[in-house]
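Undergrad: Mind having a look at this structure? Questions to follow.
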Amino acid sequence: MSAPPEQLTEAAVAMPAAAPKVTPVKQPGLASKVIPPIIVFILGIAAWVGLHYILNEDKAITVPLPWDVVKVGVFDWTNFQMVLTSLWLSAKSAIVGLVVTIVVGLAFAVAMSQAKWVENALLPYAIAMQTTPILALVPVIGVVLGYNFPSRVLVVVLISVFPFINNALFGLLSADKSQHDLLTLHHVSRWTRLTKLQLPAALPAIFTGLRVAAVMAVVGAVVGDFFFTQGSPGLGQLINLDASQLQYERMYTSVILAMLLGIAAYLAVVFTEKRVIGKWHVTTRGGV
């Protein structure tokens with residue numbers, strides 16, 4: 015004799031539901047991380063060589079073959095030592111400028127996140143720092159700070175600070191409203207709200223801005239060398255000198271090392287980001 019429908023319903027409710035099957039996320043292997051960049055590198059070298067042979071003889075000297083760049087720019091120790099010295103000077107400008115960018119940018123972003131009128135007052139000037147042509151400011155910067163290291167640092171800050179401010183401000187304003195309401199109910203101070211809620215919530219956006227700022231800092235260091243031709247020569251000065259003297263092999267060595275410096279700066283930020291927020295902030299990539 016079958017049980018009444020009421021008992022069947024109660025038994026079904028009491029019975030725990032089967033746990034959904036969770037498919038573990040497959041982590042990308044080493045091959046998927048290494049092989050694609052190698053393929054792109056090989057294609058880039060092939061395009062470089064192809065461009066050299068496509069150009070006529072007069073123009074081909076501006077695109078020397080990759081192995082000639084290595085031979086003259088790296089294996090010739092005199093040339094390579096000069097490039098390394100310039101690389102170190104540019105790296106110092108980029109590092110110091112990035113530190114100043116973080117301090118100034120975070121101060122701007124925090125101030126703007128606390129009141130709308132502060133944002134309205136400061137944001138136009140943050141945008142102006144990004145859009146002002148550096149060449150127009152060279153005479154003023156040179157008169158005020160001279161033409162050496164401080165001027166190069168200032169150029170780095172002017173070029174890299176706005177992306178950091180923009181991302182940091184976005185993160186500070188993205189904290190959950192319900193958590194804001196909870197802190198309001200407890201009558202916490204503005205400082206507690208900032209340090210316990212807004213800054214932790216803003217860390218992913220801050221690191222996103224820092225990635226961009228780190229790369230732009232390298233660009234700023236090289237650009238600063240182009241404009242401030244006095245003082246110790248960084249990569250920008252050396253590139254300009256080699257281009258004027260038709261020493262394209264050494265010039266390309268400087269360009270490649272500047273690119274590697276930018277990649278290293280970006281990877282350093284990514285490494286720091288994973289150590290700081292990687293345990294609780296998970297990024298997702300749909301379907302790939």
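In my numbering, the protein residues as written are 15 to 302.
C-beta: ideal position from N, C-alpha, C; glycine also.
To the nearest angstrom, report how far apart Phe-89 and Asp-82 are at their CA atoms.
TA: Roughly 10 Å between the two C-alpha positions.
Undergrad: Whole angstroms is fine: what's the gap from Gly-113's alpha carbon to Leu-168's?
TA: The amino acid at residue 113 is misidentified as Gly; the sequence shows Val. For Val-113 and Leu-168, the distance between alpha carbons rounds to 11 Å.
Undergrad: Terminal residues of the continuous alpha helix (DSSP H) containing Leu-217?
TA: Segment 213-241, the alpha helix (DSSP H) holding Leu-217.
Undergrad: Short check: CB of Leu-281 to CB of Leu-249, under 8 Å?
TA: Their beta carbons are not under 8 Å apart, which means Leu-281 does not touch Leu-249 by this criterion.
Undergrad: Give the DSSP-derived three-state secondary structure of Leu-69 in the structure shown.
TA: Here Leu-69 sits in coil by DSSP.
Undergrad: Tell me whether the beta-carbon of Arg-166 lies closer than 8 Å to the beta-carbon of Gly-276.
TA: Their beta carbons are not under 8 Å apart, which means Arg-166 does not touch Gly-276 by this criterion.
Undergrad: Would you kindly check if the distance between the Cβ of Val-132 and the Cβ of Glu-263 is under 8 Å?
TA: Not closer than 8 Å, so no.
Undergrad: Could you check what DSSP says for Lys-191 in three-state terms: helix, strand or coil?
TA: It is helical.
Undergrad: So what does DSSP say about Gly-64, is it helix, strand or coil?
TA: Residue state, collapsed to three classes: helix.
Undergrad: Run through DSSP, which three-state label would Ser-107 get?
TA: If DSSP states are grouped into helix, strand and coil, Ser-107 belongs with the helices.
Undergrad: Over the uninterrupted alpha helix (DSSP H) stretch that includes Asp-80, give me the two end residues.
TA: Here the sequence assigns Pro to residue 80, which means Asp is not the residue at that position. Counting along the chain, the alpha helix (DSSP H) containing Pro-80 begins and ends at 80-87.
Undergrad: Compute the distance between the beta-carbons of Val-233 and Ile-179, then report whether it is under 8 Å.
TA: In this structure, Ile-179 does not lie closer than 8 Å to Val-233 by Cβ.
Undergrad: Whole angstroms is fine: what's the gap from Gly-111's alpha carbon to Lys-293's?
TA: Cα-Cα distance, rounded: 29 Å.
Undergrad: Assuming the contact rule is C-beta atoms closer than 8 Å, Ala-189 and Gln-212 should be a hit. Round their C-beta distance to whole Å, please.
TA: Their Cβ separation, rounded to whole angstroms, is 5 Å, which keeps Ala-189 and Gln-212 in contact under 8 Å.
Undergrad: In angstroms with no decimal places, state the Cα-to-Cα distance between Thr-146 and His-201.
TA: Distance between the alpha carbons of Thr-146 and His-201: 43 Å.
Undergrad: Quick check on DSSP: helix, strand or coil for Pro-164?
TA: Residue state, collapsed to three classes: helix.
Undergrad: Looking at Leu-186: is its Cβ nearer than 8 Å to the Cβ of Ala-235?
TA: Going by C-beta atoms, Leu-186 is not nearer than 8 Å to Ala-235.
Undergrad: Which residue wins for smallest C-alpha separation from Leu-65, given the options Pro-80, Leu-98, Gly-223 and Gln-251?
TA: Among Pro-80, Leu-98, Gly-223 and Gln-251, the Cα nearest to that of Leu-65 belongs to Pro-80.
Undergrad: Would you mind listing the alpha helix (DSSP H) stretches within the stretch 244-283 that are 4+ residues and don't spill past its ends, in chain order?
TA: 249-258, all fully within the stretch 244-283.
Undergrad: From Arg-225 to Val-283, what distance separates their C-alpha atoms?
TA: Those two C-alpha atoms are separated by around 6 Å.
Undergrad: Determine the DSSP secondary structure at Val-158, reduced to helix, strand or coil.
TA: Residue state, collapsed to three classes: helix.
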